[in-house]
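Counted from 1, the sequence shown has number 193 at position 199 by this note's numbering; the numbering is strictly sequential. Ideal Cβ placement from N, Cα and C applies to all residues, glycine included.
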Amino acid sequence: MNQEQESANGPDLAAGIELAELADGGRLVGHVGDEQVLLVRRGAEVFAIAAHCTHYHGPLADGLVVGDTVRCPWHHACFDLRTGEALRAPALSPVDVWSVEQRAGRIFVRGKRPPEPPARRRKATGKAPSRIVIVGGGAAGFAAAEKLRREQYAGRIVMLSDDAAAPVDRPNLSKDYLAGSAPEEWLPLRPDAYYADNDIELRLGAKATGLDPRAHEITLADGSRIGYDRLLLATGAEAVRLPIPGADQPHVRTLRTLADCRAIIELAKPARRAVVIGASFIGLEAAASLRTRGLDVHVVAPESRPMERILGAGIGDFVRALHEEHGVVFHLGDVATAIDGRRVALRSGGMLEADLVVVGVGVRPRLALAEGAGLTIDRGVVVNAQLETSASDVFAAGDIARWPDPHGGGHLRIEHWVVAQRQGAAAAMNMLGHREIYADVPFFWSQHYDVPINYVGHAESWDELAIEGDIGARDCLVRYRRDGRELAVASIYRDLASLQAELAMERRAAAS
C-alpha cells in the first residue's frame, strides 16, 4: 500500500497498532484488507465494527458512543458494539464485527465474527401468539415484521398492504430518487425474495375494510377474512387533496407512494414549469428535486415564511433563501383557487403556468378501520406506553398512533418515518409479550439540495428559541424551550451536538 492509500484508509489494523494510540473512550478508523473498520475503546475492552452505517453509509466515527453502542451522526441509527446489531431505525441491517486481540501492548483486528442472535432484554410474558397480522405496508408495518423475524418469532406473519409495491424507503421518494440521483433499485427496504425467505406473507393490493376485535378477525375488500392472535394497525396516513376545481387532472399529483413518485417523474420529463402547492417538508423537498431536474418551480403557500411553525423564523428564512438561490420562486401568503388546464389561479389574482402540479399540503391519518372497530380515537388511535389500543391484542404504530409522551407530557401523534419504524419494532416486541415502554425521542431529517436539517424532540410551541452558531452559514443548533424545559433541537451540520441533545432528552425522561 502506498502512503496516499494508507493515509486515506488509516492504519492496517490486521498488522496491529499500539494500545496507547487509542485512549479510553477514543475512536480510530483503520482498515482490514479493503474494508474500513472503526475501533472503539471502553476501558480495557476494544471493539471493532464496520466504519459506516448500514442506512445511508454515515461515518460512525463521527457519531456518539453511548455505553456499548454507537449512534450514527446522520440519521441517529444505533448499533451494538459487541454484536453489530442495528438497535434503532432507520438502520435495519447490522454492521460487521471483527474479533480483537490484545497482545504485548498492541491491538490486532482479526477475522469477522459470525452474526449473533439479538440479546434478550428480558423474558416475554404469556404464551407466544401463533399468528400475527399487520395491516399496513409502510415504515411501521415493515419494521414490525422485520423485528419479529429478527427476534426469531416462529409463528405466522401476515402483512396486508393496499399498496401495489412492497415496502420502500419513502423518504427517498421526495429526495434523491425524485431528483434523479438515486436509482429505483435503492428504494425497496428489502429485496422481493426477503419476504418468502423469511416466511412473511406479504399481500399487496389487499385492503382491510373491517376489524372485529371480539372475533379477532380482519375483513378484506374481497370479502375474505383472516383471524389473528395479535394485530398491529399501521395504516399510516394519506395525502390531503385540494378541494378546488381542476385538482383531479392527470398532471396534478400528490406524493406519498412509489406509484405517485413514478408518475411525477414521467410528467417531469417533458415539462418545463412546475407549481408546488404547499411549503411543507414534502413540498419543498419536491421543489428542490424538480429544480435539480431543471424545471422552473414556483411554490404557493398561505404562510408568510416556510416551516416557521415547526422550525422558527430563522430557519424558515434560511430555507426560503436557499431555495431562491436555486431559482425557486415563492408565492407566500397566497393559495391556489383553481387549476384550469395548465394554469393555476391564485387568490391574489395571479396566474401561474404549470405543466406539472405537485400538491404537498399535508396528510391525514387513516383511521377508518380503527373507528369502525370502536377503538378509542382522539386525533389518532389512542395507545398506551406499550402501544396497545383500547381493544385486547390490538396494537397501533406509526402515523395513526397517539401515545403518551414521556418527554414533554401529554400525548403525541407524529408523522415521521423514523418514529414509525421505531414504533413498529417496539410493537413487535410487545406483541411477543415483552411489555416494553416506547420512550424514544422523536427524530426526523429533511434534505434541501445539499443541506440537511436534523430535528430531535417535539415542540408544538415554545416561549424561548436559542440559536447557537450561524444559520446562514449552515452551521447552527437551534434549541426550542418552554418554561425553561428543552423540548426540541434543530441542527444544520452539527451532527454530534444533535446526538448529544437526543441523549440528554432520553436521560431527563428516564430520571423523571
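Could you work out which residue in the options is closest to residue i when comparing CA atoms only?
| i | options | result |
| --- | --- | --- |
| Gly61 | Phe41, Lys263, Ala45 and Pro436 | Phe41 |
| Pro182 | Ile194, Arg164 and Asp191 | Arg164 |
| Pro237 | Leu252, Leu225, Ile271 and Pro207 | Ile271 |
| Tyr432 | Leu167, Tyr474, Val377 and Met153 | Val377 |
| Thr48 | Asp156, Ala83, Arg476 and Gln415 | Ala83 |
| Gly52 | Cys72, Val91 and Arg35 | Cys72 |
| Gly24 | Arg36, Tyr50 and Leu54 | Leu54 |
| Ala262 | Leu305, Ala173 and Arg150 | Ala173 |
| Val413 | Gly20, Glu12, His70 and Arg247 | His70 |
| Asp457 | Asp477, His46, Leu471 and Trp397 | Asp477 |
| Asn424 | Tyr449, Ile126 and Leu252 | Ile126 |
| Pro67 | Tyr50, Thr77 and Arg502 | Tyr50 |
| Val483 | Leu316, Ile212 and Leu305 | Leu305 |
| Glu430 | Ala460, Pro436, His410 and Leu381 | Leu381 |
| Lys141 | Leu226, Arg501 and Lys106 | Leu226 |
| Tyr189 | Ala253, Arg150, Gly217 and Leu340 | Arg150 |
| Gly321 | Ala281, Gly356 and Ala307 | Ala281 |
| Asp156 | Leu214, Pro398, Arg208 and Gly105 | Leu214 |
| Arg208 | Ser384, Gly27, Glu462 and Gly4 | Ser384 |
| Ser87 | Arg144, Lys121, Val34 and Ala133 | Arg144 |
If you draw a straight line from the alpha carbon of residue i to that of residue j, how long is it in whole angstroms?
| i | j | result |
| --- | --- | --- |
| Ala395 | Leu16 | 45 Å |
| Asp469 | Tyr487 | 6 Å |
| Asp195 | Asp186 | Per the sequence shown, residue 195 should be read as Glu rather than Asp. Spanning the two alpha carbons is a distance of roughly 12 Å. |
| Ala421 | Phe389 | 7 Å |
| Ala348 | Gln441 | 24 Å |
| Glu496 | Val313 | 23 Å |
| Pro177 | Ile447 | 23 Å |
| His210 | Met153 | 16 Å |
| Arg531 | Glu302 | For the chain, the structure presents residues -5 to 506; residue 531 sits outside this window and is missing. |
| Arg256 | Val246 | 13 Å |
| Ala80 | Leu278 | 31 Å |
| Ile258 | Ser386 | 42 Å |
| Leu221 | Ile212 | Note on residue identity: the sequence assigns Gly, not Leu, to residue 221. Whole-angstrom Cα-Cα distance: 6 Å. |
| Ser298 | Ile309 | 13 Å |
| Asn(-4) | Glu39 | For Asn(-4), the predicted structure reports a pLDDT of 39, less than 50, and the residue's modelled location is therefore unreliable. A value from the coordinates is still provided. In a straight line, the C-alpha of Asn(-4) is about 31 Å away from that of Glu39. |
| Arg97 | Gly10 | 10 Å |
| Asp193 | Phe136 | 13 Å |
| Pro111 | His317 | 46 Å |
| Leu36 | Thr63 | According to the sequence as given, residue 36 is Arg; it is not Leu. Arg36 and Thr63: Cα-Cα distance of roughly 11 Å. |
| Val323 | Ala295 | 11 Å |
| Leu369 | Glu480 | 33 Å |
| Ala253 | Gly130 | 16 Å |
| Val472 | Pro300 | 16 Å |
| Ala467 | Ser492 | 17 Å |
Taking residue i and residue j to be in contact with their CB atoms under 8 Å, please state how far apart those CB atoms are, rounded to whole angstroms.
| i | j | result |
| --- | --- | --- |
| Arg224 | Pro123 | 4 Å |
| Asp393 | Gly230 | 5 Å |
| Ala159 | Gly418 | The Cβ separation is near 18 Å, so there is no contact. |
| Leu249 | Leu198 | Contact flag wrong, Cβ pair sits at about 20 Å. |
| Arg65 | Leu75 | Actually they do not touch by this definition, with Cβ atoms about 11 Å apart. |
| Ala44 | Val94 | About 14 Å separates the two Cβ atoms, so there is no contact after all. |
| Arg358 | Leu346 | About 26 Å separates the two Cβ atoms, so there is no contact after all. |
| Ala391 | Ala138 | 7 Å |
| Ala453 | Tyr474 | 4 Å |
| Arg21 | Leu32 | 6 Å |
| Asp56 | Asp464 | Contact doesn't hold; Cβ gap of about 21 Å is too wide. |
| His410 | Phe438 | 4 Å |
| Val435 | Val450 | 6 Å |
| Val91 | Gly78 | 4 Å |
Which residues does DSSP list as the beta-bridge partners of residue i?
| i | result |
| --- | --- |
| Val269 | His292 and Val351 |
| Phe437 | Val450 |
| Tyr528 | The structure shown has nothing for residue 528, since the chain only spans -5 to 506. |
| Phe41 | Val34 |
| Asp90 | None, per the DSSP bridge assignment. |
| His410 | BP columns for His410 are empty, so no partner. |
| Phe102 | Glu95 |
| Trp68 | None, per the DSSP bridge assignment. |
| Tyr324 | The amino acid at residue 324 is misidentified as Tyr; the sequence shows Phe. Its beta-bridge partners are Val293. |
| Val338 | Ile333 and Leu346 |
| Val377 | Val377 pairs with nothing; no bridge assigned. |
| Glu195 | Val152 |
| Asp206 | Glu211 |
| Trp397 | Leu406 |
| Gly24 | Val31 |
| Pro182 | Val162 |
- Message: Can you confirm whether the stretch 398 to 411 touches the stretch 238 to 248 when touching is taken to mean that 3 or more C-beta pairs between the two stretches lie within less than 8 Å?
- Response: no
Any contact of the stretch 255 to 273 with the stretch 347 to 356, i.e. 3+ C-beta pairs under 8 Å? yes
Three-pair Cβ contact test at 8 Å for the stretch 291 to 304 versus the stretch 190 to 202 = No: the two stretches stay apart, fewer than three of their Cβ pairs being nearer than 8 Å.
Original post:
Can at least three beta-carbon pairs, one atom from the stretch 361 to 369 and one from the stretch 328 to 340, be found at a separation below 8 Å?
Top reply: no
Review point. Does the pairing of the stretch 92 to 111 with the stretch 4 to 19 give three or more beta-carbon distances under 8 Å?
Key: Touching, per the Cβ criterion.
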